[in-house]
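Enquirer: Structure provided below as structure tokens; questions to follow.
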Amino acid sequence: MGIVVVGSINADLGVRVERHPNPGETLLGSGGGISPGGKGANQAVAAQLLGAEVTFIGAVGDDAYAEPALRRLKESGVDLSRVAELDGTTGLAVITVSDDGENCIIVIPGANSHVTADYVSRHDEAIAAASIVLLQGEIPADGFAAAVAAASGRVVVNLAPVVPVDSAVLRQADPLIVNEHEAQLVLQQLHPDSTNCDDTAEPAQLAHDLINAGFRSVVMTLGAAGCIVVTETESRTIPAPPVSAVDTTGAGDAFAGALVAQLDSGASLIDAATFAVRVGAFAVQGWGAQDSYPLATDTLPS
Numbered sequence: 001m002g003i004v005v006v007g008s009i010n011a012d013l014g015v016r017v018e019r020h021p022n023p024g025e026t027l028l029g030s031g032g033g034i035s036p037g038g039k040g041a042n043q044a045v046a047a048q049l050l051g052a053e054v055t056f057i058g059a060v061g062d063d064a065y066a067e068p069a070l071r072r073l074k075e076s077g078v079d080l081s082r083v084a085e086l087d088g089t090t091g092l093a094v095i096t097v098s099d100d101g102e103n104c105i106i107v108i109p110g111a112n113s114h115v116t117a118d119y120v121s122r123h124d125e126a127i128a129a130a131s132i133v134l135l136q137g138e139i140p141a142d143g144f145a146a147a148v149a150a151a152s153g154r155v156v157v158n159l160a161p162v163v164p165v166d167s168a169v170l171r172q173a174d175p176l177i178v179n180e181h182e183a184q185l186v187l188q189q190l191h192p193d194s195t196n197c198d199d200t201a202e203p204a205q206l207a208h209d210l211i212n213a214g215f216r217s218v219v220m221t222l223g224a225a226g227c228i229v230v231t232e233t234e235s236r237t238i239p240a241p242p243v244s245a246v247d248t249t250g251a252g253d254a255f256a257g258a259l260v261a262q263l264d265s266g267a268s269l270i271d272a273a274t275f276a277v278r279v280g281a282f283a284v285q286g287w288g289a290q291d292s293y294p295l296a297t298d299t300l301p302s
């Protein structure tokens with residue numbers, strides 16, 4: 001069936017500011033428009049635009065936010081036949097972007113909180129038929145676990161945000177995609193009684209620590225520096241092409257979607273990650289998340 005994404009769908013409320021406010025401070029901003037988002041939806045759109053066949057399992061509310069949240073999923077051709085419309089609110093993310101391109105995000109789960117084990121299990125057949133199942137951290141942990149249990153193909157996990165997930169379930173990830181901060185949180189989650197967590201550890205060491213913790217492969221994203229790919233037998237640092245970033249929102253999701261699209265086409269993990277850093281670099285040059293993602297015909301930075 002190609003790629004199945006079990007994940008979140010959000011409407012993104014975007015705000016521009018010169019700089020992020022300090023605690024208790026009020027700043028004037030601009031923007032206020034609604035655009036499609038959600039880590040699951042972002043990654044699904046990114047993969048579909050690059051030529052993959054993607055099916056989405058998730059939920060939206062019956063409110064006014066559902067239509068803008070689904071816009072790019074529909075336009076890109078993602079199969080939405082397994083997306084439910086539920087009573088209540090669609091997931092909402094409030095995103096503040098400063099002039100240097102950095103963002104901070106508050107997510108309100110809404111309908112995404114109903115993507116539970118009971119809901120996911122209704123789609124076991126589709127999940128089992130997928131060559132790749134892609135998951136993130138914006139759905140309930142039992143729904144996450146149910147998707148992994150139903151998968152017969154490759155499971156790829158971008159545990160963002162880092163939420164409590166059964167360790168045996170999480171270790172099915174191949175690869176686990178995390179940034180440096182997320183890697184530290186995952187290691188703390190796997191070893192809650194450890195007193196050896198080193199907040200100053202280098203990214204490569206964190207990636208190797210995750211391999212030692214039982215993961216088959218790890219891809220650690222490093223923002224503008226690219227990524228590190230580590231398996232039991234190799235380690236590779238892949239630099240990103242230099243670009244001028246205007247908005248980093250959704251760049252990590254563009255990376256994840258591009259990675260699984262390449263893996264689904266038969267690329268090695270190294271080659272897939274090399275392509276994905278170029279897609280991430282393309283995305284930060286445009287505003288928003290899904291609206292900044294490239295088509296398969298676009299020229300990527302190199």
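Each residue of the sequence shown is one higher than the last, beginning at 1 in UniProt numbering. For glycine and all other residues, C-beta sits at the position ideal for the given N, C-alpha and C. What you are looking at is a predicted structure, and each value in this text was computed from that prediction instead of being measured.
Taking a contact to mean a Cβ-Cβ separation below 8 angstroms, would you say residue 46 touches residue 254 in this structure?
Expert: yes
Enquirer: Are there 16 or more other CB atoms within 10 angstroms of the CB of residue 27, so buried, or fewer, so exposed?
Expert: exposed
Enquirer: Compare the C-beta of residue 131 against all C-beta atoms of chain C and say whether one is closer than 8 angstroms.
Expert: Of the protein chains in the structure, only one exists, and it is not chain C.
Enquirer: For the beta strand (DSSP E) that contains residue 83, what are its first and last residues?
Expert: 79-86
Enquirer: Skipping 5 residues on each side, what residues in its chain have a beta carbon closer than 7 angstroms to that of residue 85?
Expert: 60, 62, 66
Enquirer: From the DSSP output, in three-state form, read off residue 299 for me.
Expert: coil
Enquirer: Quick one: which unbroken alpha helix (DSSP H) runs of 4-plus residues sit fully inside the segment 88-157? Chain order, please.
Expert: 117-121, 124-129, 141-150
Enquirer: Return the Cβ separation of residue 259 and residue 273 in integer angstroms, given the expectation that the two are a contact with Cβ distance under 8 angstroms.
Expert: Your pair residue 259 and residue 273 checks out as a contact, with CB atoms roughly 6 angstroms apart and the cut at 8 angstroms.
Enquirer: Quick one: residues in its chain with C-beta nearer than 7 angstroms to the C-beta of residue 102, no 5 flanking neighbours on either side, listed in chain order?
Expert: 248
Enquirer: Under the assumption that residue 29 contacts residue 16 (Cβ atoms under 8 angstroms), give the Cβ distance between them as a whole number of angstroms.
Expert: 6 angstroms
Enquirer: Using the rule of at least 16 other Cβ atoms within 10 Å of the residue's Cβ for burial, across every protein chain shown, is residue 125 buried or exposed?
Expert: exposed
Enquirer: I'd like the list of long-range same chain contacts for residue 31, defined as Cβ closer than 7 angstroms, with 5 residues on each side in sequence excluded.
Expert: Hits under 7 angstroms: 14, 15, 16.
Enquirer: Report buried or exposed for residue 79, applying the criterion of at least 16 other Cβ atoms within 10 angstroms of its Cβ.
Expert: buried
Enquirer: Between the segment 137-147 and the segment 231-238, do three or more beta carbon pairs fall short of 8 angstroms?
Expert: no
Enquirer: The alpha helix (DSSP H) that contains residue 72, what's its start and end?
Expert: 66-76
Enquirer: Who are the Cβ neighbours of residue 181 in its own chain at under 8 angstroms, not counting the five residues just before and after it?
Expert: none
Enquirer: So, with DSSP's three-state summary, where would you put residue 40?
Expert: helix
Enquirer: Measure the CB-CB distance between residue 264 and residue 2 and report whether it falls below 8 angstroms.
Expert: With contacts defined as CB atoms closer than 8 angstroms, residue 264 and residue 2 qualify as a contacting pair.
Enquirer: Beta-carbon within less than 8 angstroms of residue 239's beta-carbon, same chain only, minus the 5 sequence neighbours each way: which residues are those?
Expert: 225, 226, 277
Enquirer: Ignoring anything shorter than 4 residues or poking outside the segment 203-260, list the alpha helix (DSSP H) runs there in chain order.
Expert: 203-212
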